[in-house]
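In my numbering, each residue's number is its place in the sequence shown (first place is 1) plus 19. In this text, a Cβ means the ideal position worked out from N, Cα and C, and glycines have one as well. For clarity, every value in this text was computed on a predicted model and none was experimentally measured.
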Amino acid sequence: MKNIERSTIGLDSLAYIVIILAGIKISASIITPFLLSLFIVIIFKPFSDSLINKGIPRWLTFTIISIIVLLFGFLVVTIISVSVQSFSENLSFYNEKLNSYRDELVLLSRKLGISEKDQLTSILNPAKIMSFVAGALTNFSDILSNSILILLTVIFIFIETNIFPDKIKVITKDEKTLRYFHEINHQVNNYMMIKTVISAGTGIIIGIALALIRLDFAILWGLIAFLLNYIPNIGSLIAAIPPIILALIQFGIPGAIGVTVIFLVINFVIGNYIEPKVMGKGLGLSVLIVFLSLIFWGWLLGPVGMLLSVPITLVFKIIMQAQPQKRWIAVLLGDGSDISEL
């Protein structure tokens, strides 16, 4: 009888989880601006704390943070607007290059006896590329349309972050719960602060390197490298694809190889030497779990979910670690360093 009751409880819990996930998936467009605001707050929280600790009033701190967020947003919009305008002005040049490469592929296929002409001619189809660019710009416009909402949410979250710890103290008198709350706050803020510095360094170096070889839109590619570096495992790979394609169009195969080498060297050095040393022992998360969480949260919430996949998983692990009966889940999520806790 007890086994039946446990099975029923388990099925009920699973049903609740499925319903909640379905609701999140359906309302992703509403949740995403809030999560993006939360992402911005996490990035700037260490900076705001340092200003407050130096005696700067909270209202002035929030004003400074708001101005910085506005300036960064304006910078992003300016870079993208200038790049789009420049792309439009050079569109005929890119079309000629694409058509030239397409014709060369057709000739090469004939020499090799390959009859798949339709597939080859569609590889560098300018119409498809323009469709992709238009889709990307549409997605970006959707984000910009929520910019005021995001900024207001950032300000209100910052105000709440100073009150929330006091609320936790009132709600629970358990010192252990308070300790885990502070641990979550410390680990997430520490991770985001280090990741921001590393991502900024990656973006700046890539931007300078591409500018030195005179690749078009070098600043834009550096900005994209900075933003996508927050996405673990695949972010740097995604950031490399557009500039490599552009280098192929602008400089030919040698240029594409050169840009590929630039991305590989920079990401290899930063990812394998600099980042591990700065991160110290790391997050205590399994590499497989990080990758799976990236896929899951990306599917559920889109690009913003991918940005927040590591912090969300880290918070979940710490919460599980705080409960003795569920500590085995934290161990499964971990990198093996906490096996002795069981």
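Exercise. Which same chain residues, not among the five before or five after S328, have their C-beta less than 8 Å away from its C-beta?
Worked result: I250, P251, V309, S312, L313, F315, W316 and G317
For this session: For L304, name the three-state secondary structure that DSSP assigns.
Result: strand
Exercise. At which residues does the alpha helix (DSSP H) containing K336 begin and terminate?
Worked result: S328 to Q340
For this session: Inspect the beta-carbon positions of V278 and L247 and report whether they are closer than 9 Å.
Result: no
Problem set entry | G353 (DSSP reduced to helix, strand or coil) | strand
Exercise. Short check: CB of D354 to CB of G321, under 9 Å?
Worked result: no
For this session: Taking all protein chains shown into account, decide if I59 is buried (16 or more other Cβ within 10 angstroms of its Cβ) or exposed.
Result: buried
Exercise. Where does S46 fall in DSSP's three states?
Worked result: coil
For this session: With a threshold of 16 other CB atoms inside 10 Å of the CB of P76, please say whether the residue is buried or exposed.
Result: exposed
Exercise. For the stretch 279-291 against the stretch 215-228, are there 3 or more C-beta pairs whose distance is under 8 Å?
Worked result: yes
Exercise. Comparing alpha-carbon positions, which option in A259, F91, I61 and N114 lies nearest T221?
Worked result: A259
Problem set entry | Selected residue, minimal CA-CA separation from V297, among I268, V216, T332 and A237 | V216
Exercise. Three-state secondary structure (DSSP) at P322?
Worked result: helix
Problem set entry | Endpoints, alpha helix (DSSP H) assigned at N286 | I272 to V288
For this session: Tell me where the alpha helix (DSSP H) around L234 begins and ends.
Result: Neither: L234 is in no alpha helix (DSSP H) and is coded neither H nor E.
For this session: Grab the span of the alpha helix (DSSP H) containing G74 for me, first residue to last.
Result: That residue, G74, is in no alpha helix (DSSP H); it is neither H nor E in DSSP.
Exercise. Between the stretch 168-178 and the stretch 43-59, do three or more beta carbon pairs fall short of 8 Å?
Worked result: yes
Exercise. Roughly how many angstroms lie between the CA atoms of I203 and I293, to the nearest whole one?
Worked result: 24 Å
For this session: Find out if the Cβ-Cβ distance for the pair I98, L242 is shorter than 9 Å.
Result: yes
Exercise. Rounded to the nearest angstrom, how far is the Cβ of L319 from that of I43, given a contact under 8 Å?
Worked result: 6 Å
For this session: Ignore the nearest five residues each way along the sequence and tell me which others in I176's own chain have a CB closer than 7 Å to its CB.
Result: S56, L57 and V60
Problem set entry | Cα-Cα separation, G254 to L326 | 9 Å
For this session: Using only alpha-carbon positions, find the residue among F106, A341 and L307 that is nearest to A237.
Result: F106
Problem set entry | A219 vs F245 beta-carbon contact at 9 Å | yes
Exercise. When you compare only the Cα positions, how much space is there between I232 and I50?
Worked result: 41 Å
Exercise. Per DSSP, what kind of secondary structure is P251 in: helix, strand or coil?
Worked result: coil
For this session: Verify whether the separation of the beta carbon atoms of Y199 and I84 is less than 9 Å.
Result: no
For this session: With DSSP collapsed to three states, give me the class of N208.
Result: helix
For this session: Assuming N208 contacts K64 (C-beta within less than 8 Å), just tell me the rounded distance between them.
Result: 5 Å
For this session: Answer with buried or exposed for V173, where buried requires no fewer than 16 other C-beta atoms within 10 angstroms of its C-beta.
Result: buried
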